[in-house]
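In terms of the numbering used here, the numbers along the sequence shown are unbroken and rise by one, the last being 812.
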Amino acid sequence: MRTPVSIDPRARALAKARQDMAGRSSSLNPGWDDLPEQSKKILLGEATEWLQAAVEAGIAPLAERPTDKHDAVLLDNYGQVWGEYQTYPPSYGDAILRLTLESDECSSRQELEDQGVEFRLIGWSE
Numbered sequence: 687m688r689t690p691v692s693i694d695p696r697a698r699a700l701a702k703a704r705q706d707m708a709g710r711s712s713s714l715n716p717g718w719d720d721l722p723e724q725s726k727k728i729l730l731g732e733a734t735e736w737l738q739a740a741v742e743a744g745i746a747p748l749a750e751r752p753t754d755k756h757d758a759v760l761l762d763n764y765g766q767v768w769g770e771y772q773t774y775p776p777s778y779g780d781a782i783l784r785l786t787l788e789s790d791e792c793s794s795r796q797e798l799e800d801q802g803v804e805f806r807l808i809g810w811s812e
């Protein structure tokens, strides 16, 4: 018996969103919930490969924590940025802090990019 392969939840969300988009654009395409299981499996495989390509291209983060020293940076649905907050000893395992701007002094994005800094768009705030 084969061991079930763990699917990155982001790949599942990607496959579902893509199929639902296709369903909205044409009545010939069923939505995700109406797909046969074999079709879902194929789309999940494709979404997994695209997500892996996005990680390798540097436009999506790894799904798993690279090391114990790495903390997650999260973007909520309102565009607010949050960071994990690890305490020692751990007070509770899901502590996060809302990250805010510390300084009102701005820099030139172009000058920073000219110096080799790379920026990644992670979301939009409201």
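Note that beta-carbon positions come from the ideal geometry of N, C-alpha and C, so glycine has one too.
All of these numbers come straight from a predicted model, not from anything done at the bench.
If you draw a straight line from the C-alpha of residue i to the C-alpha of residue j, how long is it?
i, j, result
"LYS755", "GLN772", "9 Å"
"ILE728", "MET707", "17 Å"
"ILE782", "GLU770", "4 Å"
"GLY802", "ASP762", "28 Å"
Classify residue i as helix, strand or coil using the three-state DSSP reduction.
i, result
"GLY769", "strand"
"LEU761", "strand"
"VAL741", "helix"
"THR753", "coil"
Name the two residues that bound the continuous alpha helix (DSSP H) containing residue i.
i, result
"LEU798", "795-800"
"ARG696", "695-711"
What are the partner residues of residue i, as DSSP defines its beta bridges?
i, result
"ILE782", "GLU770"
Spatial neighbours of residue i within its chain, please: C-beta separation below 6 Å, excluding the five flanking residues on both sides.
i, result
"THR734", "ALA697"
For residue i, which residues in the same chain have their Cβ closer than 8 Å to its Cβ, ignoring the five residues on either side in sequence?
i, result
"GLU791", "none"
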